[in-house]
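Going by UniProt numbering, the first residue of the sequence shown is number 1, and it counts up by one from there.
Reviewing the structure listed below.
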Amino acid sequence: MDLPTTTPWRPIYLPAGFLWQPSTDDLGKPLPMAILGGVRWTPGNHYLMGDGMNEAGLACAELYFPVEAHYASSMMDGKLNITPQDFIYWALTHHSIAELRLDLPNINIIAQKWYSENNWRPFHWLLTDVAGNTAILEPRGHELTLTEAPLHVLTNTPNYPAHIVRLAKTLGIDPESSVDTFKQACRSFDGELRHTNLPTDRFQRTAINLWRQDAPQTTLAAEHQLLTLLDDVVIPRTPERLRRSNMDYTHYEDVLDLTERTMTFKSVRTGEIHHLHLDDIKTDSPQQVVAYPFT
Numbered sequence: 001m002d003l004p005t006t007t008p009w010r011p012i013y014l015p016a017g018f019l020w021q022p023s024t025d026d027l028g029k030p031l032p033m034a035i036l037g038g039v040r041w042t043p044g045n046h047y048l049m050g051d052g053m054n055e056a057g058l059a060c061a062e063l064y065f066p067v068e069a070h071y072a073s074s075m076m077d078g079k080l081n082i083t084p085q086d087f088i089y090w091a092l093t094h095h096s097i098a099e100l101r102l103d104l105p106n107i108n109i110i111a112q113k114w115y116s117e118n119n120w121r122p123f124h125w126l127l128t129d130v131a132g133n134t135a136i137l138e139p140r141g142h143e144l145t146l147t148e149a150p151l152h153v154l155t156n157t158p159n160y161p162a163h164i165v166r167l168a169k170t171l172g173i174d175p176e177s178s179v180d181t182f183k184q185a186c187r188s189f190d191g192e193l194r195h196t197n198l199p200t201d202r203f204q205r206t207a208i209n210l211w212r213q214d215a216p217q218t219t220l221a222a223e224h225q226l227l228t229l230l231d232d233v234v235i236p237r238t239p240e241r242l243r244r245s246n247m248d249y250t251h252y253e254d255v256l257d258l259t260e261r262t263m264t265f266k267s268v269r270t271g272e273i274h275h276l277h278l279d280d281i282k283t284d285s286p287q288q289v290v291a292y293p294f295t
């Protein structure tokens, strides 16, 4: 996750029943399921979540979507009004992408600041569930709809269709090609890939490297492959970035196993890794927020 340099992030467990409170509402809403995610504490005892999974096997990650993100300008009667920073909590109250899709018309994402944050944040979101479904939500000023994401990759701006067009050009195929054609083209690609921090380059490197590797045979092998993919697109923590509080760098890498309900949280700053199992935490601390050490 690429985030501003002034914000420490860590794994946090939120139990079922924890009251998450949208910044647009005076009342807390109890979580129906426990959540394990990459989180930071903010003044007022609120937790800002970057990514996470719930015990039903649904995961959500927010990524920056500057320029293109457009949210509602005012509250809407008859809907749950939430800010972009609240969305991930709302998403993880659902059991699956299918269930979330049905509930999507009942929310309104509003351009309003979140608690102590200076402003609302321009996000789009990647969702996946234990059944293997993957989808993207990109708020672009019209009705909220989910887009299927069969390549399982998302980075920052531009929008997902624009990423696909650029990827198709690199692969030398039609952007309207089937998913299988895209995957096969990734497997056979032998050209040069640009190694920059641009979201477009990071998207292409990740998609091509993901689909041209052999399918892992074990959970440990899958974790290793995913961390290797993430290592390749890390934005480094450089002295210049640390001097400028508005600059982002990669704080952590996160692998969520929705079948085993585990999180592998790797600090980019120190290389330290937390291996966490949701079921173990639920047994030890069923009603208690657990914040793991910042590394």
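Positions of the beta carbon are idealized from the N, C-alpha and C atoms, including for glycine.
Everything numeric in this text was worked out from a predicted model, so none of it was measured.
Closest by CA to L63, which one among S96, P293, I88?
-> Position 63 of the sequence shown holds residue 63. Ranking the options by Cα distance to L63, first place goes to I88.
Can you name, in chain order, every residue of its own chain whose Cβ lies under 8 Å from the Cβ of N106, other than the five neighbours on each side?
-> The residue labelled residue 106 in the question sits at position 106 within the sequence shown. Same-chain partners within the cutoff: K79, L80.
Which of helix, strand or coil DSSP assigns to T259 | For this step, residue 259 is matched to residue 259 along the sequence shown. Three-state DSSP puts T259 in coil, outside helix and strand.
Assuming I109 and Y47 form a contact by the criterion Cβ under 8 Å, report the distance between their Cβ atoms to the nearest whole angstrom.
-> Your numbering for residue 109 matches position 109 in the sequence shown. Your numbering for residue 47 matches position 47 in the sequence shown. Not a contact, Cβ separation roughly 19 Å.
Return helix, strand or coil for W125, following the three-state DSSP convention.
-> As a working note, residue 125 is residue 125 in the sequence shown. W125: strand per DSSP, three-state reduction.
Give the straight-line distance between the Cα atoms of H95 and T157, rounded to the nearest whole angstrom.
-> Reading the sequence shown from its first residue, position 95 is the one you call residue 95. Reading the sequence shown from its first residue, position 157 is the one you call residue 157. One C-alpha to the other measures close to 28 Å.
CA-to-CA distance, M263 to D257, given in whole angstroms = The residue labelled residue 257 in the question sits at position 257 within the sequence shown. The residue labelled residue 263 in the question sits at position 263 within the sequence shown. Their backbone Cα atoms lie some 6 Å apart in a straight line.
Please confirm whether E138 and F203 have their CB atoms less than 9 Å apart.
-> By one-based count along the sequence shown, residue 138 stands at place 138. By one-based count along the sequence shown, residue 203 stands at place 203. No; because the gap between Cβ atoms is not below 9 Å, this pair is not in contact.
Would Q112 pass as a contact of W125 if the rule is Cβ separation under 9 Å?
-> In the sequence shown, residue 112 corresponds to position 112, counting from 1. In the sequence shown, residue 125 corresponds to position 125, counting from 1. Cβ atoms of Q112 and W125: not closer than 9 Å.
Pairwise C-alpha distance: A131 and T259 = For the purposes of this step, residue 259 is identified with residue 259 of the sequence shown, where counting begins at 1. For the purposes of this step, residue 131 is identified with residue 131 of the sequence shown, where counting begins at 1. Cα-Cα distance, rounded: 9 Å.
Would you say A91 and L127 are within 9 Å of each other, going by their C-beta atoms?
-> As a position in the sequence shown, residue 91 is number 91, starting the count at 1. As a position in the sequence shown, residue 127 is number 127, starting the count at 1. Yes, these two residues count as a Cβ contact at 9 Å.
Is the region 148-168 close to the region 196-211, with three or more CB pairs under 8 Å?
-> yes
Could you check where the alpha helix (DSSP H) with I97 kicks off and where it finishes?
-> The sequence position of residue 97 within the sequence shown is 97, counting from 1. That run of the alpha helix (DSSP H) goes 97-103.
Are the beta-carbon atoms belonging to T93 and P8 less than 9 Å from one another?
-> The residue given as residue 93 occupies position 93 in the sequence shown. The residue given as residue 8 occupies position 8 in the sequence shown. No, Cβ-Cβ distance for T93 and P8 is not below 9 Å.
Closer than 6 Å by C-beta to V255: which residues in its own chain qualify, once you throw out the five before and the five after it? Chain order, please.
-> In the sequence shown, counting from the first residue as 1, residue 255 sits at position 255. The residues are E223, L226, T264.
Are A22 and I97 touching if we call contact CB-CB under 9 Å?
-> Along the sequence shown, one-based indexing puts residue 22 at 22. Along the sequence shown, one-based indexing puts residue 97 at 97. According to the sequence displayed, residue 22 carries Pro and not Ala. Their beta carbons are not under 9 Å apart, which means P22 does not touch I97 by this criterion.
What separation, rounded to the nearest whole angstrom, lies between the Cα atoms of T219 and G28?
-> Along the sequence shown, read from residue 1 onward, the residue named residue 219 stands at position 219. Along the sequence shown, read from residue 1 onward, the residue named residue 28 stands at position 28. About 37 Å.
Is the Cβ-Cβ distance between L278 and Y292 less than 9 Å?
-> Taking the sequence shown and counting its residues from 1, the one referred to as residue 278 is at position 278. Taking the sequence shown and counting its residues from 1, the one referred to as residue 292 is at position 292. Contact flag unset, no.
Pick out whichever of F294, M75, I35 has its Cα sitting closest to the Cα of R269.
-> As a working mapping, residue 269 is identified with position 269 in the sequence shown. Looking from the CA of R269, the closest CA among F294, M75, I35 belongs to F294.
Spatially closest choice to L210 from L198, Q184, I235, E240, by CA coordinates = Translated into positions along the sequence shown, residue 210 becomes position 210. Nearest option by C-alpha distance: Q184.
Grab me the residues of T250's own chain with a C-beta within less than 6 Å of its C-beta, minus the 5 sequence neighbours each way, in chain order.
-> Here residue 250 refers to the residue found at position 250 of the sequence shown. So the qualifying residues of the chain are D2, V234, I235, V268.
Where E148 and K282 are concerned, what is the direct C-alpha to C-alpha distance, given to the nearest angstrom?
-> Along the sequence shown, one-based indexing puts residue 148 at 148. Along the sequence shown, one-based indexing puts residue 282 at 282. Cα to Cα, E148 sits roughly 32 Å from K282.
Closest Cα partner of H76 within the set P43, T24, A215, V39 | Position 76 of the sequence shown, counted from the first residue, corresponds to residue 76. The amino acid at residue 76 is misidentified as His; the sequence shows Met. The candidate whose alpha carbon is nearest that of M76 is T24.
In terms of residues, what are the limits of the alpha helix (DSSP H) holding A221?
-> The residue labelled residue 221 in the question sits at position 221 within the sequence shown. Unbroken alpha helix (DSSP H) run through A221: 219-231.
Can you name the start and end residues of the alpha helix (DSSP H) that H274 belongs to?
-> Your numbering for residue 274 matches position 274 in the sequence shown. Premise fails: H274 lies in the beta strand (DSSP E), 273-277, not in any alpha helix (DSSP H).
I think residue 304 touches M53, with their Cβ atoms under 8 Å apart; what is that distance to the nearest whole Å?
-> Within the shown structure, residues of the chain are numbered from 1 to 295, placing residue 304 beyond reach of any answer.
Considering D2, what are the terminal residues of the beta strand (DSSP E) in which it resides?
-> The residue you call residue 2 lines up with position 2 of the sequence shown. Unbroken beta strand (DSSP E) run through D2: 2-4.
Go ahead and pull the three-state DSSP assignment for V39.
-> In the sequence shown, residue 39 corresponds to position 39, counting from 1. Here V39 sits in strand by DSSP.
Thinking just about the alpha-carbon of each residue, which of L104, T181, F189, C186 is nearest to the one in H142?
-> Reading the sequence shown from its first residue, position 142 is the one you call residue 142. The shortest Cα separation from H142 among L104, T181, F189, C186 belongs to L104.
Could you say which of S116, V67, T134 lies nearest to L100 if we only look at CA atoms?
-> Stepping through the sequence shown from its first residue, residue 100 is reached at position 100. Of the candidates S116, V67, T134, the one whose C-alpha sits nearest the C-alpha of L100 is T134.
Can you give me the start and stop residues for the alpha helix (DSSP H) that L171 sits inside?
-> Indexing the sequence shown from 1 puts residue 171 at position 171. Its alpha helix (DSSP H) spans residues 160-171.
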